[in-house]
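Enquirer: Using the UniProt record's numbering, read the sequence shown as starting at 1 and increasing by one per residue.
C-beta atoms are modelled at their ideal positions from N, C-alpha and C, and glycine is treated no differently.
This is the structure, below, for whatever I ask next.
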Amino acid sequence: MTPVQELDSLNCPLRGLFLIEAAAGTGKTYNIQNLVVRAVLERDIPIEKLLVVTYTRAAAAELAGRIRQVLSGTLAALEKRLPPESGREAQLVARALETLTSEECRKRLRTALFDFDAATVTTIHGFCQKVLRENAFESGILFSRELDNDCAELLEKLADDLYRREFYPDDDARHSALRQALLRQAGYTAERLAELALRRIARPDLVIRSNAEAGTDPAADLEELAEGFGELRREELPECLANFPYLFNKPFSGKDFDRFIAAYEKFRADGVPTGEFLQLLAAFTPEALTEALCARKKSGAPSQFAALEQRQEALAGILEQSELQRIFQLAELAPRFGDTVLLAAVEELLAAYDRAKQQANLQTFDDMIRDVHRALMEPESRLQRSLQQQYPLGIVDEFQDTDPIQYAIFKKIFIDPAEPGGAVPAATLFLVGDPRQAIYGFRGGDIDTYNRAADDVFRYGGAKYTLTRNFRSAAGMIEAVNLLFSRHASPFASERITLPEISAPAKPELGNRPESALLVAGREDRRPLRITDLPDSDGDACLAAAVEIANALLCDDTLHIPPRSDTPERRLRPGDIAILVKKWSEAYALKPLLAARMIPSVFSNSESVYRSDEARELLTVLAAIAAPERSGEVLAALATGLGGCGLAELLRLGSEEGSNELAEHQTAFARLRREWRPETFIVMFSGLLKYFDIPARFARQEGGERKLANLHQLGDLLQQESSRRKLSINALLNFLSDAVEGRIDDSSDEVKQILESDRDSVKITTVHSSKGLEYPVVILPSLFRFATGSRSPGGNFHEDGHLVYELHAAGSMNEREHDEATMENLRLAYVALTRAKYRCHVLWGKDGASSYCNSPLDWLVKFREATPEEAAHPTRFLKMRKDAPRLLPVELEEKTLPVSTQVYRPELDRSRQLAPWEWNHRVLRDHYRIASFSSLSPAASGRLDPADDGADHDDSQPEEQLPALSETAPEKNPALALPGGKAFGNAVHEILEELDFTAPFDTLRELAARKLRFYGLLAGDGSGADRERLDAVAAMVERTRRAPLHDAQGDGFTLSQIGRADRLSELRFLFGFGRKFRTGEIAELLGDYAEREFRFTDWPEWNTPVDGGFLNGFIDLVFRRRTASGDRYSLVDWKTNRLDGEPANFTPAQLPAAMSHSYYFLQYLFYTVALVKFLRRTFGKFDAEDYRDRFGGVYYLFLRGIRAGQPPNGDGVFFTRPDFELVTALEALISPEES
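See below:
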């Protein structure tokens, strides 16, 4: 066996199989970078042939960025000819130059940088997805399978179907009542089927221990059970049962035995065994009776049972009695039948699940891994040969979190070619991890897999390296962790996992000194790890104590963060402190306690947004929108922070006085429900935010920025989920409910809370979420609660090399489960303690939830000299020493809590104050602005408006005194007499923006009335003038949506055929002016077009310089038409211009004059450029062919004059589709694509 040695990644071998155990803070990422650069330089491996796998997408992205940076730095060191002592990049160059020329090194580094985007630095799921995509023939998997992160809904539906078939059988099914009773007793439910199937999906190697026996026939067992229960029913109670209370302990005495007799009698009366009877019957086994024999004579027992020997003789006689043999037989057979059918149903469910996914062409992340594994395990696997050729070197980071299937994949690629005991494999594999940080067992991480891989390293002649120099923490903190772990006989209750002495290296940037400690009154802190024993404090009291510690630290002006080369010494701030807990319920309890102390705090941004208060409240509100007829649901929604109603308001709404107002809320919710479709959830969501005025209200609240960010993120996530999976309202509610309750995998980066302004707040997070992070000061208020008690959600344990799940375990774990949970909690404690850079406070309270003390602190303190036997059975020995004193090492004990009567007041951070701007005598460019069509057109003043909002105020003249509609000539269109002005234009635009074009006319009229009232265009007195105006507006909009239109391809349609899912209203665009130009260049470009299409030649003086900035605007409507030849996209602009009130001016012959008079042709060309950019970004390309086939054209709808006429389009409709060459030329002039 190769001895273990410290890794020197600048000089270690680059061929073979290696295990690198990296303790916390020892720079494994730094060393991975070195290995990659050396592989590129010394082995000439192209960057795309290196495989680097890590645990999360965020970690992969960060690692890829660092590798690229080191490659670039190495190239710079080569070209500047830096000496080796100037840094690691220079050392990498020096080593490479021992065998290569400078030009060879330069070429390899430049090629790696040029091809870096092809590098495979990814997660295991990303790697498997890439393998399946690029090796479809070798893997036998379809080229394009839709990736679904969570198919739990499909699995649950199949489980429901299977359950219904079992419990609603054909009428002629034999013994159906008995069968159902037996299956209910076995726990056969749809939920149980889905749960067991998910366990098998997560771990296909899982062994489910049950009463089932291989080779048994359930049908024959059922016949035998039916016959046996029939005979049992006909027989009298065995006489010997009368003596059971005097011979046995529970469950054969006392109330349990009385219940059995009562259930027995009920069975004899009804003929069908109840669940209670079957449960009690299962205890009647010879083994159970023998174990339950009472060791002492019971009071009232007959004299013949006085001595133990007499009771043993009585037991022997009972076991031989024929009356009990049938009960014994049924007690054995009934559970066997139930478990056999249950587990067979699980296998049937898994097969149906795979078939359903295949038929739907779906694939989950777990499927990707299994598909790659399956293809690699085939005899003479083509995929194995392909991947071995593609990847001569692999690096697997965070290997301690790998499961057996993932390791089997890497082993098949990199190790299998070697013979056991033979030469080192031809391929190279580095397994990098820390078994002491294996804390993700609940996600499938398997420490046994790590141990098997470690054995393989030595079996195949590989080498094991360690990293034991901690570059992250202060020397005193490292020494304290050494005292607690390294100098413990078995710190992790495992002979396989130990912690060597960790050292603090000297750092050049600190003057070749180790990392400094926290400064206390100018001197280095000598006690960085402080454990306070609080034997009378429960969990809540310790959380409160943690807040007091944080307050005391912040109020202590003698505590300072030590200076570094780039930062001066400074006081401790809230952002320097992290409070780490085990459960999020503890985190939620901490936040108000800190707020009461005026200490800002934030849940760590690694937490899922689904766990936020906003997610829970949104679920309540969406449930009310789904059922607006239920007043209770609506009141519950209004009671949330989103609804914003106080108690008094809620009581009023629930009374008769507020019934009408509550009905208005219900109507509004019903309107939102109508907008809720799978593709348009975000439309409804935006309406929800607007209805409750959430952006404005939250802006005035403390923490409102975080709340609003969470809400917007939730809206985007739910839109993605709803649209991608076409989820119904109830299905989306179920998804959100599962997400809020933690029943889905929410570990992906896209669901992490995304606010970035939290650096000056105390971080509250779980230990699991903190892994990989560091904090100057850590407080651990609940480390003593990392204990095992009731049965854990996982319930799995290892036995004889297999992962086992006990199907019928009682409410508590067995000893092996306890032992493994204790070992994982010790690893969790190690992760928690090593997050601290300078100081860590630990509280040791009492855990009332545990029947004995088995927290990590109990083991680390009470068993410092643990024997191998104690380490092999930690649960057993912890229980034996539950009352042992807590004798803390004197170096770690803090007898009293730090407290302060002061109130924390934040120190003014002058480094973050804005300094007065100093004029550098340079003049700002006058023509760098955000402009719109209005400010850029020839009709503008010639100067760009810096405050231009991009809105289209096409009819912004003041409202004139117009005659009443009833006074206009009958031949006149009533819409021509409607008022002008900005208010009227805004009202009509909002009607068309919010109107569902497919809605009935009554809905249109109601919306029009509301908008006209809002803008003061109706008096609201119910007068005839109001009705006439409303009728005229509603009729105008109705004509607009019913008007026959034709596109550039000649297809006819109306807007009333366009649903919500196929339109974007008020599509905003903002793109940069990619070059300097003068507006006269636009006139020159468009001159021929304007003359040809509009007979327009009279350009005014228009030569405004544009030095930079952005073009801003809103397209009133972009809609999609689904045609036989594909989707087609068009844009619409609504115009409320009166055109002098003459119907003739709205005819197709006269509209070009209106378009040219207001330079609308320039506007629609800008809009077309914006839409082409949008479609190009959406689809990856949008070239001339796409423009021809998929762009329907431009519609300017002059609403007042719209009237059906001769095809292609009638009065009030201006339609065109400018040439693609003109559009791209205009884009190249004002905003080249790269801008």
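(1) Measure the C-alpha to C-alpha separation of E515 and D456 and round it to an integer number of angstroms.
(2) DSSP three-state call for R1176: helix, strand or coil?
(3) Identify, in the order they occur along the chain, each residue of the same chain with its Cβ nearer than 6 Å to the Cβ of F18, setting aside the five sequence neighbours on each side.
(4) So, with DSSP's three-state summary, where would you put W844?
(5) Mind reading off the beta-carbon distance from L826 to A438? Whole number of angstroms is fine, and I expect it under 8 Å.
(6) I think L995 touches L1004, with their Cβ atoms under 8 Å apart; what is that distance to the nearest whole Å?
(7) For S1065, write down the residues that DSSP places opposite it in a beta bridge.
(8) How big is the Cα-Cα spacing for D1026 and G1126?
(9) Just to confirm, is the Cβ distance from A1043 to I1202 under 8 Å?
(10) Can you give the Cα-Cα distance for K1173 and A1061, rounded to whole angstroms?
(11) Can you tell me whether Y1129 is helix, strand or coil according to DSSP?
(12) Please check the pair A23 and D533, which I expect to be a contact at CB under 8 Å, by giving their CB distance rounded to whole angstroms.
(13) So if DSSP puts V121 in a beta bridge, which residue, or which two residues, is it bridged to?
(14) Does Y188 come out as helix, strand or coil in the three-state DSSP assignment?
(15) Note down, one range per segment and in chain order, each alpha helix (DSSP H) of at least 4 residues found wholly within the segment 72-119.
(16) On the three-state DSSP scale, how would you describe H873?
(17) Going by the DSSP bridge assignment, what does Q5 pair with across the sheet?
(18) What separation, rounded to the nearest whole angstrom, lies between the Cα atoms of E702 and E679?
(19) How about P574 and V804: do their beta carbons lie closer than 8 Å?
(20) Could you tell me which residues DSSP pairs with T567 in its beta bridges?
(21) To the nearest angstrom, how far is it from the Cα of R268 to the Cα of R234?
(22) In the DSSP output, which residue or residues are listed as bridge partners for F1053?
(23) Can you tell me which of the three DSSP states N710 falls into?
(24) Is it true that the CB of L225 sits closer than 8 Å to the CB of L333?
(25) Have a look at L467 and T498 and give me their C-alpha separation to the nearest angstrom.
(26) For the alpha helix (DSSP H) containing N730, list its first residue and its last residue.
(27) Three or more beta-carbon pairs under 8 Å between the segment 170-189 and the segment 231-248, yes or no?
(28) Buried or exposed: L773, going by 16 or more other Cβ atoms within 10 Å of its Cβ?
(29) Could you tell me which residues DSSP puts in a beta bridge with H798?
(30) Can you give me the start and stop residues for the beta strand (DSSP E) that R443 sits inside?
(31) Would you call the segment 563-578 in contact with the segment 767-785, where contact means no fewer than 3 C-beta pairs closer than 8 Å?
(32) Report the CB separation of R530 from H841 in whole angstroms; it is logged as a contact under 8 Å.
(33) Determine whether the beta carbon atoms of R326 and L232 lie at a separation below 8 Å.
(34) Hey, A832 and K862 are a contact pair by Cβ (cut 8 Å); roughly how many whole angstroms apart?
(35) Given this structure, state the Cα-to-Cα distance separating V634 from S1065, to the nearest angstrom.
(36) Rank T766, G476, E62 and H665 by C-alpha distance to the C-alpha of F603 and give the top, closest one.
Expert: Let me lay it out:
(1) 37 Å
(2) helix
(3) F430, G462 and A463
(4) strand
(5) That pair is no contact at about 11 Å.
(6) 6 Å
(7) L1117
(8) 45 Å
(9) yes
(10) 21 Å
(11) strand
(12) Wrong, their Cβ atoms sit about 28 Å apart, outside the cutoff.
(13) V52
(14) coil
(15) 88-96 and 102-114
(16) coil
(17) Y465
(18) 34 Å
(19) no
(20) None; T567 has no bridge partner.
(21) 7 Å
(22) L1045
(23) helix
(24) yes
(25) 13 Å
(26) I729 to V740
(27) no
(28) exposed
(29) L803
(30) It is not in any beta strand (DSSP E) - R443 carries neither H nor E in the DSSP assignment.
(31) yes
(32) 5 Å
(33) yes
(34) Contact doesn't hold; Cβ gap of about 19 Å is too wide.
(35) 28 Å
(36) T766
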